[in-house]
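Heads up: the structure comes next, in structure tokens.
Number of protein chains: 2
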Amino acid sequence: MTIKDIARLAGVTHSTVSRSLNDSPLVAAETKEKIKKLATELGYSPNTFARRLVTKKSNTLGVFFLSRAEINFMENFGTQFLDGIATASSNNGYDLLMFTMTRDLSNQKSYIRLCQEKHVEGVIFIGMTSDDPHLAEIAASQIPVCIIDFELKGDHVGFISSDNDQGIRLALDHLWQNGHRSIAHLGGPEVSPVAMIREDAYRRYMTSHGLESKIKILRGDFTKDSGYRRTQEMIRQGHLPTALLAANDYMALGAVKALKEQGYKIPSDVSIIGYDNVLAGEYSDPGLTTIGQNPIEMGASAVQYLFEKLKGGAPSPIHLINPNLIIRDSVRPIPIR
Amino acid sequence: MTIKDIARLAGVTHSTVSRSLNDSPLVAAETKEKIKKLATELGYSPNTFARRLVTKKSNTLGVFFLSRAEINFMENFGTQFLDGIATASSNNGYDLLMFTMTRDLSNQKSYIRLCQEKHVEGVIFIGMTSDDPHLAEIAASQIPVCIIDFELKGDHVGFISSDNDQGIRLALDHLWQNGHRSIAHLGGPEVSPVAMIREDAYRRYMTSHGLESKIKILRGDFTKDSGYRRTQEMIRQGHLPTALLAANDYMALGAVKALKEQGYKIPSDVSIIGYDNVLAGEYSDPGLTTIGQNPIEMGASAVQYLFEKLKGGAPSPIHLINPNLIIRDSVRPIPIR
DNA sequence: ACTCTTATTGCACACGTGTGTATGCGGATC
DNA sequence: GATCCGCATACACACGTGTGCAATAAGAGT
Numbered sequence: 000m001t002i003k004d005i006a007r008l009a010g011v012t013h014s015t016v017s018r019s020l021n022d023s024p025l026v027a028a029e030t031k032e033k034i035k036k037l038a039t040e041l042g043y044s045p046n047t048f049a050r051r052l053v054t055k056k057s058n059t060l061g062v063f064f065l066s067r068a069e070i071n072f073m074e075n076f077g078t079q080f081l082d083g084i085a086t087a088s089s090n091n092g093y094d095l096l097m098f099t100m101t102r103d104l105s106n107q108k109s110y111i112r113l114c115q116e117k118h119v120e121g122v123i124f125i126g127m128t129s130d131d132p133h134l135a136e137i138a139a140s141q142i143p144v145c146i147i148d149f150e151l152k153g154d155h156v157g158f159i160s161s162d163n164d165q166g167i168r169l170a171l172d173h174l175w176q177n178g179h180r181s182i183a184h185l186g187g188p189e190v191s192p193v194a195m196i197r198e199d200a201y202r203r204y205m206t207s208h209g210l211e212s213k214i215k216i217l218r219g220d221f222t223k224d225s226g227y228r229r230t231q232e233m234i235r236q237g238h239l240p241t242a243l244l245a246a247n248d249y250m251a252l253g254a255v256k257a258l259k260e261q262g263y264k265i266p267s268d269v270s271i272i273g274y275d276n277v278l279a280g281e282y283s284d285p286g287l288t289t290i291g292q293n294p295i296e297m298g299a300s301a302v303q304y305l306f307e308k309l310k311g312g313a314p315s316p317i318h319l320i321n322p323n324l325i326i327r328d329s330v331r332p333i334p335i336r
Numbered sequence: 000m001t002i003k004d005i006a007r008l009a010g011v012t013h014s015t016v017s018r019s020l021n022d023s024p025l026v027a028a029e030t031k032e033k034i035k036k037l038a039t040e041l042g043y044s045p046n047t048f049a050r051r052l053v054t055k056k057s058n059t060l061g062v063f064f065l066s067r068a069e070i071n072f073m074e075n076f077g078t079q080f081l082d083g084i085a086t087a088s089s090n091n092g093y094d095l096l097m098f099t100m101t102r103d104l105s106n107q108k109s110y111i112r113l114c115q116e117k118h119v120e121g122v123i124f125i126g127m128t129s130d131d132p133h134l135a136e137i138a139a140s141q142i143p144v145c146i147i148d149f150e151l152k153g154d155h156v157g158f159i160s161s162d163n164d165q166g167i168r169l170a171l172d173h174l175w176q177n178g179h180r181s182i183a184h185l186g187g188p189e190v191s192p193v194a195m196i197r198e199d200a201y202r203r204y205m206t207s208h209g210l211e212s213k214i215k216i217l218r219g220d221f222t223k224d225s226g227y228r229r230t231q232e233m234i235r236q237g238h239l240p241t242a243l244l245a246a247n248d249y250m251a252l253g254a255v256k257a258l259k260e261q262g263y264k265i266p267s268d269v270s271i272i273g274y275d276n277v278l279a280g281e282y283s284d285p286g287l288t289t290i291g292q293n294p295i296e297m298g299a300s301a302v303q304y305l306f307e308k309l310k311g312g313a314p315s316p317i318h319l320i321n322p323n324l325i326i327r328d329s330v331r332p333i334p335i336r
């Protein structure tokens, strides 16, 4: 079923059909209607390959995501990113091609080259790592790029992230409103940009609320075990805060474990708040109050950035998505001392 | 950069170039080499749209996955399925188009229709649900379909799943070898096919090992809370087994919680083994011994099925992937009584 | 030396769609 | 009534690649 078939049945040429279906003003309203009706009756759908060949527009976005079996860092975020990306893309009539970034980075084909070959108009990266050998090439890309949770500067590259600063403020506001004044921070490693942003937000909040003297930072590495050990050390030193704000949920769960082992009760003895809203926090005991990112919205924003770029606009290269506070059972109000 | 450009530079016609790059025997070995060399030097890559237009082959697979923000049932499996699918697809020179199955099933376009429009040669579904209104249409599909974790019969539809029967045997073997003879089963709801398969495997194993009298089944609904409550009831009744095999990890974690609350120690008092290898089990206390599915391999198998179908073969419509036992700290050997 | 065969290349068309230009037709203007 | 204008449609070509068939050249056989 092609436009030529429709043309024959309607007694016109294929050009008239083409123009009708594309709503060209060059064709009489009457015949246009007639042809459109005929097309839908026949269940016609255009051959995208022929169309793309002549228009030189692919209407296709690409998404690369990290493929590492042993690293589960993405939790269920991965599918939610993809969810947001796929629906936003589809809503705008764009196809979505999916690629993986494999682990042996040596014989890996250049991403950008691959995109050119596939005629991808814009591309999104999920799970980019700083050891990737193609970073410079991506930064110099001529086709619009958007990277989730990894900052890279370039004329046509955007950056989508959760607003970590605001997330920390949400968490600390919650503790503050529950009467907590002695709040320690279980931070991530210094090599992690996200960890540093969260720690910095903690420092600023404490200072601006007159709690500068209460600032206390335990340095973990985002693993549950590091949270467990740093908390053990803190317990031994004997200075327990009333609340602990962890830079991610896994460390928070490690802290819970260490405290429970020493006979402390959560949240009656110590309140704990995590970050990321991983599933383990939902199923832990007590349920972990935490800050949730909005991965679906992040994915949609990435697509949004690409479309604005494609339209010739100059969207902000950085988009921070609002996180939200998820209240469970690990924070308890205390009277102000 | 087209084959015409190469033709001009090589002093031949575009047909000769086309034949050379496609390794046709109709062209002299000498000129073939020359042209191939020229093409790589110029960094030529064929225009897929033109090629697909004339060959009528898209070299494209499609993947639909369920898009439901509030349902996290896929955990990190989703990305791993996609990982396996994307790499297998790419290794065979196929592109992968991604679509979502949106929640409002009413105004949803027919999946198969969409596949035809996009010229998808084969399609994979992840997260299919039994309330989807397009099931009949999928079953009757003329293009090869493969569904992960959802059985549907049709001439061109395949079914990929973890081998639940073997998984249960792995778990019970592990308990058996650790001396356990009194093993209860915390099963899933009767409406779940997977739950029934797992329960049946439990029954057969117990019977074939002379433990028919020890068969005891608690009926949960796959949630942590149901595991918690069924276990509480069992404790109240006073007949504790030495080991508990749960039909999924969340229920296992619920059981752990109930037992710990009553002062029992895991695994010294009761051994517990879960199923699915969700992340929460890795981070729970104690680490949950469980059965892991191999989602990457499942994804790759789905692609494999489609390719065999496309080659005209008749692959088995059912593929069961071997699960594996993941030993952590929730099972402990006991002396045989 | 002539014919026949075979190897190699060119020619021409096709795939389905979009678009610039030409053509035809009706009506309005003078 | 001749001219001009505008509207609607047809014609023709293009996009880049693949392929059946014809054409040419070279070599082999008699």
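First to last, the sequence lines map onto chains A and B.
Start counting the first sequence at 0; every next residue gets the next number (my numbering).
Start counting the second sequence at 0; every next residue gets the next number (my numbering).
Note that beta-carbon positions come from the ideal geometry of N, C-alpha and C, so glycine has one too.
Between residue i and chain B, is the shortest Cβ-Cβ distance under 9 Å, so that the two count as touching?
i                : result
Lys35 (chain A)  : no
Val277 (chain A) : yes
Asp284 (chain A) : yes
When you compare only the Cα positions, how much space is there between residue i and residue j?
i                : j                : result
Glu232 (chain A) : Lys223 (chain B) : 32 Å
Ala246 (chain A) : Gly178 (chain A) : 21 Å
Pro322 (chain B) : Asp268 (chain A) : 42 Å
Asn58 (chain B)  : Tyr93 (chain B)  : 5 Å
Val255 (chain B) : Gln292 (chain B) : 22 Å
Leu81 (chain B)  : Ala313 (chain B) : 24 Å
Lys56 (chain B)  : Phe64 (chain A)  : 26 Å
Lys264 (chain B) : Glu189 (chain B) : 30 Å
Leu25 (chain A)  : Arg18 (chain A)  : 7 Å
Gly298 (chain B) : Tyr304 (chain B) : 10 Å
Asn21 (chain B)  : Tyr201 (chain B) : 55 Å
Ser89 (chain B)  : Gly237 (chain B) : 56 Å
Ile326 (chain A) : Thr289 (chain A) : 7 Å
Tyr110 (chain A) : Val11 (chain A)  : 45 Å
Phe48 (chain A)  : Ser66 (chain A)  : 30 Å
Less than 9 Å between CB atoms is the rule here; does residue i satisfy it with respect to chain A?
i                : result
Val62 (chain B)  : yes
Ser140 (chain B) : no
Lys3 (chain B)   : no
Thr101 (chain B) : yes
Glu74 (chain B)  : yes
Lys264 (chain B) : no
Ser161 (chain B) : no
Ser66 (chain B)  : yes
Ser57 (chain B)  : yes
Lys223 (chain B) : yes
Glu281 (chain B) : yes
What is the residue span of the alpha helix (DSSP H) that residue i lies within?
i                : result
His179 (chain A) : Unbroken run through His179 (chain A): none, as it is neither H nor E.
Thr30 (chain A)  : Ala28 to Glu40
Gly253 (chain A) : Asp248 to Glu260
Phe90 (chain B)  : Correcting the residue identity first, residue 90 (chain B) is Asn in this sequence and not Phe. That run of the alpha helix (DSSP H) goes Phe76 to Asn90.
Leu52 (chain A)  : Thr47 to Thr54
Following the continuous beta strand (DSSP E) through residue i, name the residue where it begins and the one where it ends.
i                : result
Gly61 (chain B)  : Thr59 to Leu65
Met127 (chain A) : It is not in any beta strand (DSSP E) - Met127 (chain A) carries neither H nor E in the DSSP assignment.
Val144 (chain B) : Val144 to Ile147
Val190 (chain B) : Neither: Val190 (chain B) is in no beta strand (DSSP E) and is coded neither H nor E.
Leu217 (chain B) : Ile216 to Arg218
Leu243 (chain A) : Ala242 to Ala245
CB-CB under 8 Å to residue i, same chain, minus the five flanking residues each way: which ones, in chain order?
i                : result
Asn91 (chain A)  : Val302 and Phe306
His155 (chain B) : Ser140, Gln141, Ile142, Pro143, Val144 and Lys308
Excluding the 5 residues flanking residue i on each side, which residues of the same chain have their C-beta closer than 6 Å to its C-beta?
i                : result
Pro285 (chain A) : Ile265, Asp328 and Ser329
Ordered along the chain, which non-local residues of its own chain (more than five positions away) have a Cβ less than 7 Å from that of residue i?
i                : result
Ser212 (chain A) : none
His13 (chain B)  : Ile2, Lys3 and Ala6
Tyr204 (chain B) : Ile167, Arg168 and Leu171
Gly219 (chain B) : Leu185, Gly186, Gly187, Ser225, Gly226, Arg229 and Met250
Counting only Cβ-Cβ distances shorter than 8 Å, please list the residues of the segment 77 to 97 of chain A near chain B, keeping chain order. Gly77, Thr78, Gln79, Leu81, Asp82, Ala85, Thr86, Ser89, Asp94, Leu95, Leu96 and Met97
Return the residues of the segment 225 to 259 of chain B that lie within a Cβ-Cβ distance of less than 7 Å from chain A, sorted by chain order. Tyr249, Leu252 and Lys256
Chain-ordered residues of the segment 18 to 52 of chain A with a beta carbon less than 9 Å from chain B: Gly42, Ser44, Pro45, Asn46, Thr47, Phe48, Ala49, Arg50, Arg51 and Leu52
Along the segment 112 to 139 of chain B, where does the CB come closer than 8 Å to a CB of chain A? Name the residues. Gln115, Glu116, Lys117 and His118
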